[in-house]
Amino acid sequence: MACCSTVSFLVVPHYYWCSSSRLTCNFACSSYCSSVASSFVNALNAVVPEKGDLRTKAGLWDSIRSGLLKTSPMAVTEPEIKDDEIELEDEVVLVEKVQTDGTIEKIIFASSGEVDVYELELLCDKVGWPRRPPSKVAAALKNSYMVASLHLHRQPPSTDGDIPAPEKRELIGMARATSDHAFNATIWDVLVDPLYQGQGLGKALLEQMVRTLLRRDIGNITLFADAQVVDFYRGLGFESDPEGIKGMFWYPRY
Amino acid sequence: MTLTNMLISHSNLGFCSDFSRPLLLPLLLPPPPPAGSSFQPFVSRLTSIVGSTGILQNDRKLRQTCQVMAAAPSYSEAAGVTESGMFSQSDDDLNSRGFEIHMSRDDINLDKLNSLFVMVGFPRREKGKLLRALEHTVSLLWIHEKKSGSIIGFARATGDSIFNAIIWDVVVDPSYQGLGLGKVMMERLIADLVKRGISNIALYAEPNVVGFYQPLGFISDPDGIRAMAYSRRRR
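Line order of the protein sequences matches chains A and G.
Each residue of the first sequence is one higher than the one before, counting from 1 in the UniProt record's numbering.
Each residue of the second sequence is one higher than the one before, counting from 1 in the UniProt record's numbering.
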């Protein structure tokens with residue numbers, strides 16, 4: 001974690017259950033970069049919800065919340081315990097920055113797949129990728145095992161006292177993976193807005209994605225890399241032509 | 001896309017038309033002829049209808065195409081996949097030698113599949129995980145050997161069903177290798193993917209089988225693209 005006078009970088013995992021009636025834990029440690037925060041993060045990393053155990057976890061969140069949060073209190077409601085496994089959704093704040101005018105900017109990684117096809121189309125234009133029919137893109141995203149995104153969230157300072165200004169959200173990066181949900185996953189369509197390249201966001205996007213895939217027990221994570229990005233993926237732990245295995249394409253169209 | 005191409009593109013009826021294209025007056029076209037029937041009446045029926053619209057009266061290539069199609073029921077499935085437009089061995093050929101092609105996961109026996117995996121040196125997969133993998137597989141093919149009742153060939157493809165597909169787990173029982181069954185499976189799997197409109201079909205080939213995939217139309221590292229896999233060892 002790096003600190004500087006005007007910008008603070010902190011990787012903080014949010015654990016929340018994506019439903020209005022579920023337990024929500026939303027904490028922000030803006031401009032706070034210290035060992036206390038890191039141990040707090042480690043403690044939270046160790047907290048894994050177990051089925052039927054959410055009431056005891058609520059106590060833990062309460063004590064953490066009262067001790068550390070400076071922002072407005074969040075609602076802690078009794079969670080709905082479903083019959084099937086409770087899905088853990090990860091959002092990771094990769095970058096948090098407070099501008100001089102008070103605007104809060106956050107770059108958030110999410111693997112929940114909430115990508116608007118038209119926003120994606122704009123992003124693809126920016127990197128010079130050919131357009132594809134939006135309906136097909138929507139279907140392809142829906143059929144993907146994981147759609148990871150980077151969004152830039154901008155919250156301007158509140159002009160009306162208690163009422164916070166609306167937060168604006170912009171898609172600045174995406175990657176998706178197809179998989180058989182058991183053994184193999186293949187990563188496709190990795191892109192980052194040129195304006196935000198060179199900051200390590202692509203690296204963070206892939207790292208989070210790989211971490212999520214490994215957590216879901218997908219052992220074989222593969223991809224096809226264009227010649228100019230092979231080194232980028234090597235740096236992330238990918239090996240080219242592993243054991244001499246070659247990637248082959250059926251009558252490829254260049 | 002020429003009209004000829006449109007006509008020979010994916011057709012579920014094995015017939016010289018594509019009913020989804022309004023240009024072809026689908027209501028007027030007769031039902032497909034039964035397999036093995038003489039192609040002459042078929043061609044004349046088609047040209048009499050199409051001829052009346054003045055579109056294809058003189059299209060010699062189309063006539064030739066329709067002749068081939070009428071003669072080989074498996075043509076349209078293989079169209080665009082094999083050079084001849086026909087599978088190297090037809091379903092009937094295979095049946096007469098005791099091999100049944102299946103492309104549904106419904107009656108697949110996981111134990112028999114695992115036996116096949118073990119025979120070729122793959123790890124035996126945990127059944128729950130294997131079932132989950134098959135449920136999220138876009139297209140698969142298995143060969144049932146009638147006498148022994150075992151599965152002697154398997155191949156599957158995963159993907160997003162729209163743009164990309166990856167072919168995995170292409171295996172043939174060592175006792176039945178060298179009979180062209182690998183090619184039989186690949187032709188059909190690719191034809192199925194092409195029929196679904198998937199244009200990008202890829203796979204990861206071990207060095208000793210790159211030569212097997214090349215004649216089937218696969219090119220390795222096209223345009224410098226490299227296959228990569230995450231390696232936990234390095235972490």
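We put the CB at the ideal spot given by N, CA and C, even for glycine.
Please read these numbers as outputs of a predicted model, since none were measured by experiment.
Contact set for residue i: own chain, Cβ-Cβ below 7 Å, skip 5 residues either direction
{"i": "residue 190 (chain G)", "result": "81 and 201"}
{"i": "residue 160 (chain G)", "result": "none"}
{"i": "residue 89 (chain G)", "result": "180 and 184"}
{"i": "residue 112 (chain G)", "result": "150 and 151"}
{"i": "residue 144 (chain A)", "result": "176, 177 and 178"}
{"i": "residue 193 (chain A)", "result": "123, 126, 172 and 173"}
{"i": "residue 99 (chain A)", "result": "105"}
{"i": "residue 181 (chain A)", "result": "145"}
CA-to-CA distance, residue j to residue i, given in whole angstroms
{"i": "residue 150 (chain G)", "j": "residue 92 (chain G)", "result": "19 Å"}
{"i": "residue 228 (chain G)", "j": "residue 158 (chain A)", "result": "47 Å"}
{"i": "residue 218 (chain A)", "j": "residue 186 (chain G)", "result": "25 Å"}
{"i": "residue 134 (chain G)", "j": "residue 183 (chain A)", "result": "10 Å"}
{"i": "residue 99 (chain G)", "j": "residue 142 (chain G)", "result": "10 Å"}
{"i": "residue 105 (chain G)", "j": "residue 156 (chain A)", "result": "54 Å"}
{"i": "residue 164 (chain A)", "j": "residue 235 (chain A)", "result": "41 Å"}
{"i": "residue 94 (chain G)", "j": "residue 188 (chain G)", "result": "13 Å"}
{"i": "residue 147 (chain G)", "j": "residue 151 (chain A)", "result": "58 Å"}
{"i": "residue 139 (chain A)", "j": "residue 166 (chain G)", "result": "17 Å"}
{"i": "residue 39 (chain A)", "j": "residue 141 (chain A)", "result": "Only weak support exists for where residue 39 (chain A) lies, its pLDDT of 42 falling under 50; the value from the coordinates is given anyway. Going by the C-alpha atoms only, they are around 36 Å apart."}
{"i": "residue 230 (chain A)", "j": "residue 153 (chain G)", "result": "34 Å"}
{"i": "residue 92 (chain A)", "j": "residue 113 (chain A)", "result": "14 Å"}
{"i": "residue 197 (chain A)", "j": "residue 121 (chain G)", "result": "44 Å"}
{"i": "residue 107 (chain A)", "j": "residue 90 (chain A)", "result": "14 Å"}
{"i": "residue 196 (chain G)", "j": "residue 227 (chain A)", "result": "29 Å"}
{"i": "residue 132 (chain A)", "j": "residue 132 (chain G)", "result": "30 Å"}
{"i": "residue 253 (chain A)", "j": "residue 97 (chain A)", "result": "43 Å"}
{"i": "residue 251 (chain A)", "j": "residue 78 (chain G)", "result": "15 Å"}
Residue from the options whose Cα sits closest to the Cα of residue i
{"i": "residue 190 (chain A)", "options": "A:246, A:210, A:216 and A:96", "result": "A:210"}
{"i": "residue 238 (chain A)", "options": "A:224, A:248 and A:111", "result": "A:224"}
{"i": "residue 241 (chain A)", "options": "G:206, G:219, G:107 and G:218", "result": "G:206"}
{"i": "residue 94 (chain A)", "options": "A:109, A:101 and A:125", "result": "A:109"}
{"i": "residue 168 (chain G)", "options": "G:86, G:107 and G:140", "result": "G:140"}
{"i": "residue 249 (chain A)", "options": "G:197, G:78, G:214 and G:102", "result": "G:214"}
{"i": "residue 218 (chain G)", "options": "G:199, G:231, G:232 and G:233", "result": "G:199"}
{"i": "residue 104 (chain A)", "options": "A:216, A:196 and A:166", "result": "A:166"}
{"i": "residue 232 (chain G)", "options": "A:213, A:127 and A:123", "result": "A:213"}
{"i": "residue 115 (chain A)", "options": "A:173, A:185 and A:92", "result": "A:173"}
{"i": "residue 101 (chain G)", "options": "G:115, G:172 and G:203", "result": "G:172"}
{"i": "residue 177 (chain G)", "options": "G:197, G:114, G:164 and G:209", "result": "G:209"}
Cβ of residue i within 8 Å of any chain G Cβ
{"i": "residue 136 (chain A)", "result": "yes"}
{"i": "residue 252 (chain A)", "result": "yes"}
{"i": "residue 167 (chain A)", "result": "no"}
{"i": "residue 172 (chain A)", "result": "no"}
{"i": "residue 238 (chain A)", "result": "yes"}
{"i": "residue 158 (chain A)", "result": "no"}
{"i": "residue 180 (chain A)", "result": "yes"}
{"i": "residue 186 (chain A)", "result": "yes"}
{"i": "residue 223 (chain A)", "result": "yes"}
{"i": "residue 109 (chain A)", "result": "no"}
{"i": "residue 125 (chain A)", "result": "no"}
Cutoff 6 Å; reference residue i; Cβ partners in own chain excluding five residues on either side
{"i": "residue 216 (chain G)", "result": "186"}
{"i": "residue 127 (chain G)", "result": "110"}
{"i": "residue 233 (chain A)", "result": "225"}
{"i": "residue 155 (chain G)", "result": "141, 170, 185 and 189"}
{"i": "residue 119 (chain A)", "result": "171"}
Proximal chain A residues relative to residue i, where beta-carbon distance stays under 7 Å
{"i": "residue 203 (chain G)", "result": "248"}
{"i": "residue 161 (chain G)", "result": "143"}
C-beta neighbour in chain A for residue i, strict 8 Å
{"i": "residue 144 (chain G)", "result": "no"}
{"i": "residue 97 (chain G)", "result": "no"}
{"i": "residue 87 (chain G)", "result": "no"}
{"i": "residue 207 (chain G)", "result": "yes"}
{"i": "residue 243 (chain G)", "result": "No information on residue 243 (chain G) is available, as it lies outside the stretch 1 to 235 that chain G covers here."}
{"i": "residue 147 (chain G)", "result": "no"}
{"i": "residue 158 (chain G)", "result": "yes"}
{"i": "residue 154 (chain G)", "result": "no"}
{"i": "residue 132 (chain G)", "result": "yes"}
Per-residue contacts from residue i into chain A (C-beta, under 8 Å)
{"i": "residue 210 (chain G)", "result": "246 and 248"}
{"i": "residue 106 (chain G)", "result": "The contacting residues do not exist; residue 106 (chain G) stays about 17 Å from chain A at best."}
Where residue i meets chain G, residues with beta-carbon distance less than 9 Å
{"i": "residue 235 (chain A)", "result": "Residues of chain G passing the Cβ test: none, with the nearest at roughly 11 Å."}
{"i": "residue 207 (chain A)", "result": "Chain G residues near residue 207 (chain A): none, gap ~11 Å exceeds 9 Å."}
{"i": "residue 226 (chain A)", "result": "223, 224, 225 and 226"}
Sequence-distant residues of its chain with Cβ nearer than 8 Å to residue i (five each side left out)
{"i": "residue 222 (chain G)", "result": "none"}
{"i": "residue 118 (chain G)", "result": "124"}
{"i": "residue 185 (chain A)", "result": "145, 146, 177, 178, 179, 213, 218, 220, 221 and 222"}
Chain-ordered chain G contacts of residue i [CB-CB under 7 Å]
{"i": "residue 140 (chain A)", "result": "160, 162 and 163"}
Closer than 8 Å to chain D by CB, residue i
{"i": "residue 122 (chain G)", "result": "Considering every chain present, this structure includes no chain D. Its protein chains are A and G."}
Amino acids of chain A, ordered along the chain, whose beta-carbon sits closer than 9 Å to that of residue i
{"i": "residue 220 (chain G)", "result": "246, 247, 248 and 249"}
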